[in-house]
Amino acid sequence: MSNTLASVQETLRQRARTLLEDGTITYLIGWEAGRFEGQTTPLILRKAADVDRLIYNEFCVHILAKYPLSDKNIEGTIGVVVRGCDSRGINLALKDGQIKRDKLYLIGIPCEGMKDARTGQELKKCLQCTHRNPVVYDELIGDAVEDGAKVDRFAEVAQLESLSVDERYDYWAAIFSRCIRCKACRDTCPSCTCRECFTDQAAMGWQGKETSLAENQNYGITRMFHIGERCIECGECERVCPVRLPLMQLNRKIIKDAYELFGEFYAGIDDCTPHPLDHYLLDDVEEFM
Amino acid sequence: MSRIGVFLCHCGTNIAATVDMTRLAEATKELPGVVYVEENKYMCSEPGQQAVKQSIIDRGIDRIVIASCSPRMHELTFRKMLTDTSVNPYMLEIANIREQCSWVHKDKEAGTKKAIDLVRMAVAKVDRNAPLFTSEIPITKRALVIGGGIAGIQAALDIADAGFPVTLVEKEPSIGGKMVMLDKTFPTMDCSACICAPKMNDVGAHPNIEIMSLSEVEEVTGYVGNFTVTIRQKAKYIDYDLCTGCGLCEQKCPSKVTSEYERGLAKRKAVYKPFAQAVPSKPIIDAKNCRKFTEDRCGVCEKLCTVNAIRFDDEDKLVTLEYGAVIIATGYELIDWTSLYGEYGAGAYPDVIDGLTFERIINASGPTEGHIVRPSDGKEPKTVVMIKCVGSRDPHKGKAYCSRACCMYGAKHAHQFLDKIADGECYVFYMDVRAMGKGYDEFYMNTLQDGATYIRGRVAKIYPEGDKYICIGEDTISSKIVTVSADLVVLDTAMEPQESADAIGRLFGVSRDLDGWLTEAHPKLRPVETNTAGVYLAGTAQGPKDIPDCVAQASAAAAKVIGMFCLKALESNPMISVVDEINCRGCGDCVDVCPYKAIAMETVERRENSVWVTRDIAVINSGLCQGCGACTASCKSSALDLLGFTNEQILQEVDALCL
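In order, the protein sequence lines correspond to chains H and E.
Heads up: the first sequence is residues 1277 to 1565, going by the working numbering.
Heads up: the second sequence is residues 2 to 660, going by the working numbering.
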């Protein structure tokens, strides 16, 4: 089977038609064309007659893993198109008990990276992607591609680590002074599945309402630690940020630390391996004891 | 609005010398919600407590802060005090201005500032305290004793005598442990078997004691008063209900195996009782060495057994029982000196033996019937060298600690040798003589009078020359090199924890120290308790000891168990985790981090947004939860909260300190 985007799209449409017609899935989550050239948007496809709306091209930048979670009590089955990043998000949701596997029908597509419609260049998050093939699926369209990041994904973190504490503080203060706390990063993140986010627990007051650097930093830091080593590195937080904060640098710092302390670990490559911070072992490092 | 009373303790000068109490009191009066501040020289004293009670009545105080020592010291004291008042015992916070402030600081200015911070935090926290109430936990009044050495035997007997059923689990075929291998015991020289065997018989015959020999604890769940323990009873291949212990099978068994009990100095059979006084007094089949198992022939025992008790198809059995309390008495093993001390021949010289082997040699019922002879050629040794602290007090090669019993049994060995071999010479190389115990130093002095030569120093090397062993060491008192040509060398080797202690410790959540000994809850004030409620320690499982200390500790542990069993029910700890099921997303992270297995996921049906949904939520077992708070820290949704240390309380403390 050839892996050209056009042929993948054609097969995807055929399969979607069959699956919807024979009732295997209630609806399919994929992508459709947006209003502008190169723009795409997630699509919930319910009717076989509409399959031509379904597209697959080099601009399918949205991760789909979080969409099925809003319908976790569905009677039928949700079809989801998954690439490496989507499938890792799905695994994370399965591990966290957010949805049952039998409610999902996963159509896997090996992905060679998506492009930024504005620049035509491959997205940073795709260059840094370690798992291009879906890690969980019910059927696969196209042949497997080579896994592994095309650039050193820890390069930015290493560069930041070389700075002094004050320099780093200034760097992050400048960044978070721009944050508008729209919480788009949280909303898109496949690992953010709390029923009520800490930022919304107003009575407790974890997060103040004031528009200030301190509250912005509190939001950014707490978000980073809540996701922690569970980050699947899909890079969506950074992509959706309207003020373009380099949020993945924070996530990658935690991942890098987790690697150094507990060994190499990739969140979401299966739905059962405990995450380094989810459990303890008696021979865990105790660097402060 | 809460009405907070703050009571500042001077602790004599312990606190007042480093903290300006007047300034602390003034600063405290300004804090929100504080309606009364009082200082006292000793808050924990009777007048101090009375003052608190009186001010609760006079000032209408509804919660209190005591600024004093660590809550580990007196939180319970003040909680008990509050039970007689209108204030709930959990409407109390302790500001630790002693251990965490005055004791660790010298600068009065800085100490005062810190004390003010600590009190401010405690006041902020107590403002969000809520009354908590205890409940009753029923107690299963049966005890489990793990290890059938002298400590386990004593503990089991004491509990059984008080009228409570006991299960004594022993991994060997017989109870008795190390003590039953010894010849005589210092300082009174009673025959070890003569004082140990009757106790073993008492255990065997006691209606309240069940012995599970050749058994090991495999799994533990539950909590204080209600442990569920699974015990693996290994296959004995003999039906103990039928076996009369006549010994015919052992007599006729053709397979001979090195005897563990005789420390390799004699043989035993493949179907065997480890020693004559064994309890249970019935044999087992050693499947590794039995011809029926290795070669599928023989079966003599089966043919001869008059009651048909041989069961070659016997299998391990798993027994699950409920227990209210557990005593761990897993004992010690001697350190493997052969892997550590190449200079002593690393085990290659047959006449360089450890103390326990010497016990078998001098024992009248041992392989040599008490005649002191060399294992190599059976000749009577004329010159014996004893080396103490082999593995003990030697952090570079062995253990840093002192094994405590060796000085005395070394002296006993010297005495016994000189007693039996009148023209013998005995040289004891020692580091120090530690003879602290009733009648111990007198015993040591007697040994010196017997003619034992004590040389202060270590032996650096032993090498064979002809049929002699040349021991070279330094006499550190005269600074001369001493060379002794010995017929027999006895090494007084260090005690180390049983290998199984590691697994037992993990099963019961009892930590071990750096040397592997199980740790007590407090080295001085709670020496037999562990940090797991309902689990106690006895004997050398906790650290090296001699027999009197083992027995004393075993009785102490038994007293703790009996004390608990005499209660109608236990009071539960109300400071446990609770789940806010609205916020619980069902990820199960808390289940994995809980060290007490107190959290389980449960699938529930709830009506949410007008539809019925099925989802998983975490459920806390209030009996198992020890209130450690690991789950609350792991819960990203903050759906878990620890009563007494709620997120809100901690946040208030942080705000009080930082804002």
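The C-beta atom is built at its ideal place from N, Cα and C for all residues, glycine as well.
Predicted model, so just to flag it, every value in this text is computed and none were measured.
Quick check: the Cα distance between Leu643 (chain E) and Cys636 (chain E), rounded to an integer number of angstroms? The C-alpha of Cys636 (chain E) is placed about 11 angstroms away from the C-alpha of Leu643 (chain E).
Answer yes or no: does any C-beta atom of chain E fall closer than 9 angstroms to that of Asn1367 (chain H)? By this cut-off, Asn1367 (chain H) is not an interface position.
Let me know if Phe1564 (chain H) comes out buried or exposed under the rule of 16 or more other beta-carbons within 10 Å of its beta-carbon. It counts as exposed.
Can you give me the Cβ contacts of Ser638 (chain E) inside the same chain, cut-off strictly under 6 angstroms, excluding the 5 residues immediately before and after it? If the five residues before and after Ser638 (chain E) are omitted, its C-beta is found closer than 6 angstroms to the C-beta atoms of Asn584 and Arg586, all from its own chain and listed in chain order.
For Phe276 (chain E), which residues of its own chain have a beta-carbon under 6 angstroms away from its beta-carbon, when the five flanking residues on both sides are left out? Tyr262.
Determine whether the beta carbon atoms of Leu519 (chain E) and Arg513 (chain E) lie at a separation below 9 angstroms. Yes, they are a contact pair.
Starting from the C-beta of Ala558 (chain E), find all residues in its chain whose C-beta is less than 6 angstroms away, skip the five residues before and the five after it, and write them out in chain order. The residues are Ala156, Ile328, Val529, Tyr537 and Ala539.
Determine whether the Cβ of Arg1471 (chain H) lies closer than 9 angstroms to any Cβ atom of chain E. Yes, Arg1471 (chain H) counts as interfacial toward chain E.
Tell me whether Leu1526 (chain H) is buried or exposed, calling it buried when 16 or more other Cβ atoms sit within 10 Å of its Cβ. Buried, since its Cβ has 16 or more Cβ neighbours within 10 Å.
From which residue to which residue does the beta strand (DSSP E) around Asp642 (chain E) run? Looking at the DSSP string, the run of the beta strand (DSSP E) that includes Asp642 (chain E) is Leu641 to Leu643.
Can you find a CB in chain H that lies within less than 9 angstroms of the CB of Asn691 (chain E)? Absent from the model: residue 691 (chain E). The displayed extent of chain E is 2 to 660, so no value can be given.
Residue closest to Val353 (chain E), alpha-carbon to alpha-carbon, out of E:Lys469, E:Gly425, E:Val614 and E:Gly438: Residue E:Lys469 is the option with its Cα nearest to Val353 (chain E).
What do you get for Thr1317 (chain H), buried or exposed, if any count of 16 or more other CB atoms within 10 angstroms of its CB means buried? Using a 10 angstroms sphere on the CB of Thr1317 (chain H), the tally of other CB atoms stays under 16, which defines it as exposed.
In this structure, how does DSSP classify Gln278 (chain E) when only helix, strand and coil are distinguished? Judged by DSSP in its simplified three-state form, Gln278 (chain E) adopts coil rather than helix or strand.
DSSP state of Phe134 (chain E) mapped onto helix, strand, coil: Coil at Phe134 (chain E), not helix or strand.
Under 8 angstroms, with one C-beta from each stretch per pair, do the stretch 122–140 of chain E and the stretch 169–188 of chain E reach the 3-pair mark? As far as the Cβ criterion goes, the stretch 122–140 of chain E does not touch the stretch 169–188 of chain E, which means the pair count is below three.
Proximal residues, the stretch 615–633 of chain E versus chain H, C-beta separation under 9 angstroms: Among the residues of the stretch 615–633 of chain E, those with a Cβ less than 9 angstroms away from any Cβ of chain H are Thr615, Arg616, Asp617 and Ala631, in the order of the chain.
Under the three-state reduction of DSSP, which class applies to Met387 (chain E): helix, strand or coil? Under the three-state reduction of DSSP output, Met387 (chain E) falls in the strand class.
On the DSSP letters alone, give me the boundaries of the beta strand (DSSP E) that Phe1335 (chain H) sits inside. No beta strand (DSSP E) holds Phe1335 (chain H); DSSP gives it neither H nor E.
In DSSP terms, what Ile523 (chain E) is bridged to: One point to set straight first is that residue 523 (chain E) is His, not Ile, in the sequence displayed. Looking at the DSSP assignment, His523 (chain E) forms a beta bridge with E:Arg527.
Can you confirm whether the stretch 482–502 of chain E touches the stretch 399–412 of chain E when touching is taken to mean that 3 or more C-beta pairs between the two stretches lie within less than 8 angstroms? Contact between the stretch 399–412 of chain E and the stretch 482–502 of chain E is present, because at least three Cβ pairs lie under 8 angstroms.
Just how far apart, CA to CA, sit Leu215 (chain E) and Ala634 (chain E)? Each residue's alpha carbon lies about 42 angstroms from the other.
Can you tell me whether Lys81 (chain E) is buried or exposed? The criterion is at least 16 other CB atoms within 10 Å of its CB, across all chains shown. Exposed, because fewer than 16 other Cβ atoms sit within 10 Å of the Cβ of Lys81 (chain E).
Short-range partners of chain H found in the stretch 630–654 of chain E, where Cβ spacing is below 9 angstroms: For the stretch 630–654 of chain E, which is checked against every Cβ of chain H, the residues closer than 9 angstroms are Ala631, Ser635, Lys637, Ser638, Ser639, Ala640, Asn648, Glu649 and Leu652.
For Gln234 (chain E), three-class secondary structure by DSSP: Strand.
Show which residues of chain E have a CB atom less than 9 angstroms away from the CB atom of Phe1474 (chain H). In chain order: Lys637, Ser638 and Ser639.
So, does the CB of Thr1549 (chain H) fall closer than 9 angstroms to a CB anywhere in chain E? With respect to chain E, the C-beta atom of Thr1549 (chain H) has no partner C-beta closer than 9 angstroms.
Which complete beta strand (DSSP E) runs does the stretch 89–126 of chain E hold, if anything under 3 residues is left out? Taking only runs of at least 3 residues, the beta strand (DSSP E) segments lying wholly in the stretch 89–126 of chain E are 93–97.
Distance, Val1427 (chain H) Cα to Gly1481 (chain H) Cα: For Gly1481 (chain H) and Val1427 (chain H), the distance between alpha carbons rounds to 40 angstroms.
Tell me whether Phe313 (chain E) counts as near the ligand MG, meaning its Cβ is closer than 8 angstroms to at least one heavy atom of that ligand. Absence of the ligand MG is noted for the structure shown, with no ligands found whatsoever.
What residues from the stretch 1498–1520 of chain H come within 7 angstroms of chain E, judged by C-beta to C-beta, listed N to C? Correct list: His1502.
Assign Lys268 (chain E) to buried or exposed, taking buried as 16 or more other Cβ atoms, counted over all protein chains shown, within 10 Å of its Cβ. Exposed is the call here.
Quick check on Cys1548 (chain H): buried or exposed, where buried means 16 or more other Cβ atoms within 10 Å of its Cβ? By the 16-neighbour rule on beta-carbons within 10 angstroms, Cys1548 (chain H) is exposed.
Residue interval of the beta strand (DSSP E) (run including Val612 (chain E)): Per DSSP, the continuous beta strand (DSSP E) segment holding Val612 (chain E) begins and ends at Val612 to Ile621.
Give the C-beta separation of Gly624 (chain E) and Ser573 (chain E) to the nearest angstrom, bearing in mind that I take them to be a contact with Cβ-Cβ under 8 angstroms. Confirmed, about 7 angstroms.
Run through chain H and tell me which residues come within less than 9 angstroms of Val605 (chain E), C-beta to C-beta. Those within 9 angstroms of Val605 (chain E) in chain H number zero; the least Cβ separation is about 13 angstroms.
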